[in-house]
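Residue numbers (my numbering): 7 to 742.
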């Protein structure tokens, strides 16, 4: 703590006038010195503070089983200090040196935060003892007097700053004010309160509050639209030092303390500080499959290690991709008391010029021209939703807000995104802050296939209006299943409301080119589609292309299949399969053609998430028209098996075993295993030099679970040849 101020200097400061600003007060960590004796005029001889009422002790009732943490739903926080939620009563007890006499004695409480406390900024809060408490306003009332002690009920404001406050008790004497000395044991954390109707984050469903505020593990849905995969993520918002780490993020972002009662401001600054771009934030992103100096994004099993490493080193932690940014962001929001959930958008558009159109350029052979094609479709993209009112927007746009910590595009000069009202995105009201047009494009863009003629003109070959944003999901409340929330973001494809929402978005300035700008007459009497066989990593599989000729004509189609190994962001690493053939299409009939993909063709170049992207284009020779379609697919990745032995009782040692069999036709080198489980064990790591093909690795760990209840163990395995290998196990820890 930097307590460098000289109190006398503080006294000499000129009184504040309209122009002179106090230095910015944007650190919860810094403090000022508070005088223990504040004298009115001259101190009489023989003045002894001990002759007056003074405080001997303060009881905060801050143990997890005591009234405050129980009533405020903060009993899970691994912290010895008092943690309460704003706008709700809490209790303290003051022991004086003698019985308190209300007729002659006067005392009050002072809550301070930051280096330059000021009453009008909400950073200095004096509370007089009164007979009545007003809901949602600061106040204190004596509920019980016994011997030398008084019991107080304290109400905090439902809009007060969220952070760590220092508490002083001040007693009035004829000659001056006597204060308690600085005592960190009485520090009080005040958090957002989704249980309080006056709070901006009030959520009226208890089951939802348990999920979106109190659940410390969650599910990340990944993979691709045709092959949804899921893994657990440990949020760990109650673990030791995590609350302090989250408050530090706001100091790092230099958010003025007086703005820290506003969830909109907090979301906006945290979405910038979660990523390392432009402010040395928490996580450095890396999408290039080389993670030499850090941890591969797929190896993390939760947020705690990342936040604690950042809190101690103050340097970006390497490395993250979208689900890591979203997992850590979710921890921060839930820790501060803002209801939050992690959301996955399948086939998410990353539209570089925000024109609601992703342009894929084909060359004269029908192949995708990677030099001209700048936009990409991510197999999936994870962001967060935070729940709050939006008094800055018209009525009706409160509720879930999109916030995204993954650095994609800048907003007001920084890599951040949101909060953007989900309701505003659905209805196309993208004029409302923040970043709604970008999110609207992520879920609503069209894919346009363009072919360049020899003379340089562009011909539209196909427009696909349904590929992007096909499915938007989050974890269900109270279970591990998937809940679809696509209809929160968009109306039914092709419905009248959907067209209206699009027209509204265009009216509010989302750029959209019309098909009239270029010639476009699609081939309507032939349909083409393809299916990719489900396959396990390391095996052969086939792609089946089907044509349906609805006309009475006989057609031949020159068909071209391109298989690419891609990052999950849809960016191609390389093309591993080229195959072309001529298909004969009989009138009024369907025909199917198989293309075999051998494991030897793809294994050497495979990336993290075992993602492929297939383009199929076919030119109908008789009409000169082109059909085009594309799909992402992911291989099945083997899982880790977790088992426990012996009885599982809080405070007693238990044993956990992780097992894995190498499925590849080669040895795995430099393998890292991670295992964690909030309330059961801190993250453990183990390195293995080699796992030969077909051999099985077994790792046994001993641990002592801290808390009873249903808990989750999460494990990951990582090496250069194989990533995204996970396992998990629900365990019921008994009470001792």
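Glycine included, each C-beta is placed from N, C-alpha and C at the ideal position.
Bear in mind the structure is a predicted one, so any value in this text is a computation, not a measurement.
{"Item": "Check whether the Cβ atoms of residue 634 and residue 468 sit closer than 8 angstroms, and answer yes or no.", "Value": "yes"}
{"Item": "Secondary structure at residue 642, three-state DSSP: helix, strand or coil?", "Value": "strand"}
{"Item": "Please report the distance separating the alpha-carbon of residue 416 from that of residue 440.", "Value": "12 angstroms"}
{"Item": "Under 8 angstroms by Cβ, that's how I've got residue 435 and residue 495 pegged, so tell me the actual separation to the nearest angstrom.", "Value": "Going by Cβ atoms, the distance from residue 435 to residue 495 rounds to 13 angstroms, so no, they are not a contact pair."}
{"Item": "Is DSSP giving residue 746 helix, strand or coil here?", "Value": "This structure gives no information on residue 746, because the portion of the chain shown stretches from 7 to 742."}
{"Item": "Express the C-alpha separation of residue 720 and residue 736 in angstroms, rounding to a whole number.", "Value": "9 angstroms"}
{"Item": "May I ask you to list the residues that DSSP assigns as paired with residue 412?", "Value": "Bridge partners of residue 412: none, in fact."}
{"Item": "What would DSSP say about residue 306, mapped onto helix, strand or coil?", "Value": "coil"}
{"Item": "When we look at the beta-carbon of residue 101 and count the other beta-carbons within 10 Å, is it buried (16 or more) or exposed?", "Value": "exposed"}
{"Item": "Quick one, are the C-beta atoms of residue 121 and residue 36 less than 8 angstroms apart?", "Value": "yes"}
{"Item": "Assuming residue 423 is part of the beta strand (DSSP E), what are its boundary residues?", "Value": "423-427"}
{"Item": "Mark residue 356 as exposed unless 16 or more other C-beta atoms lie within 10 angstroms of its C-beta, in which case mark it buried.", "Value": "buried"}
{"Item": "Ignoring anything shorter than 3 residues or poking outside the segment 105-170, list the beta strand (DSSP E) runs there in chain order.", "Value": "113-118, 130-134, 145-152 and 155-161"}
{"Item": "Helix, strand or coil for residue 291, going by three-state DSSP, please let me know.", "Value": "strand"}
{"Item": "Helix, strand or coil: which one does DSSP assign to residue 71?", "Value": "coil"}
{"Item": "Of all the options 235, 445, 105 and 318, which has the alpha carbon lying nearest to the alpha carbon of residue 62?", "Value": "105"}
{"Item": "Which residue wins for smallest C-alpha separation from residue 678, given the options 302, 103, 266 and 660?", "Value": "302"}
{"Item": "Within 8 angstroms, do at least three Cβ pairs link the segment 147-159 to the segment 91-99?", "Value": "yes"}
{"Item": "Does DSSP classify residue 201 as helix, strand or coil?", "Value": "coil"}
{"Item": "Could you say which of 321, 296, 273 and 148 lies nearest to residue 340 if we only look at CA atoms?", "Value": "273"}
{"Item": "Return helix, strand or coil for residue 372, following the three-state DSSP convention.", "Value": "coil"}
{"Item": "Could you tell me whether the segment 385-402 touches the segment 228-240, where touching means 3 or more Cβ pairs closer than 8 angstroms?", "Value": "yes"}
{"Item": "Can you grab the Cα-Cα spacing for the pair residue 134 / residue 714, in whole Å?", "Value": "41 angstroms"}
{"Item": "Please report the Cβ distance between residue 240 and residue 310, rounded to the nearest whole angstrom; I am assuming they are in contact, meaning their Cβ atoms lie under 8 angstroms.", "Value": "7 angstroms"}
{"Item": "Does DSSP classify residue 188 as helix, strand or coil?", "Value": "coil"}
{"Item": "Run through the segment 455-516 for me and flag every whole alpha helix (DSSP H) of 4 or more residues, listed as ranges in chain order.", "Value": "492-495 and 502-513"}
{"Item": "How about residue 389 and residue 332: are their beta carbons less than 8 angstroms apart?", "Value": "yes"}
{"Item": "Express the C-alpha separation of residue 113 and residue 50 in angstroms, rounding to a whole number.", "Value": "21 angstroms"}
{"Item": "So, residue 420 versus residue 407, is the Cβ gap smaller than 8 angstroms?", "Value": "no"}
{"Item": "Bridge partners of residue 637, per DSSP?", "Value": "620"}
{"Item": "What does a CB cutoff of less than 6 angstroms around residue 118 pick up in its chain, not counting 5 residues either side in sequence?", "Value": "130 and 172"}
{"Item": "Between which residues of its own chain and residue 253 is the CB-CB distance below 7 angstroms, once the five residues before and five after are set aside?", "Value": "34, 169 and 170"}
{"Item": "In the DSSP assignment, what residue or residues form a beta bridge with residue 538?", "Value": "549"}
{"Item": "Starting from residue 250 and walking both ways along the alpha helix (DSSP H), at which residues does that stretch end?", "Value": "248-258"}
{"Item": "Within a Cβ cutoff of 6 angstroms, which residues of the same chain sit near residue 521, ignoring the five residues on either side of it in sequence?", "Value": "Since pLDDT at residue 521 reaches only 47, below the 50 mark, its modelled position is unreliable, and the value read off the structure follows with that caveat. Nothing listed; no residue qualifies."}
{"Item": "Span of the beta strand (DSSP E) holding residue 717?", "Value": "715-725"}
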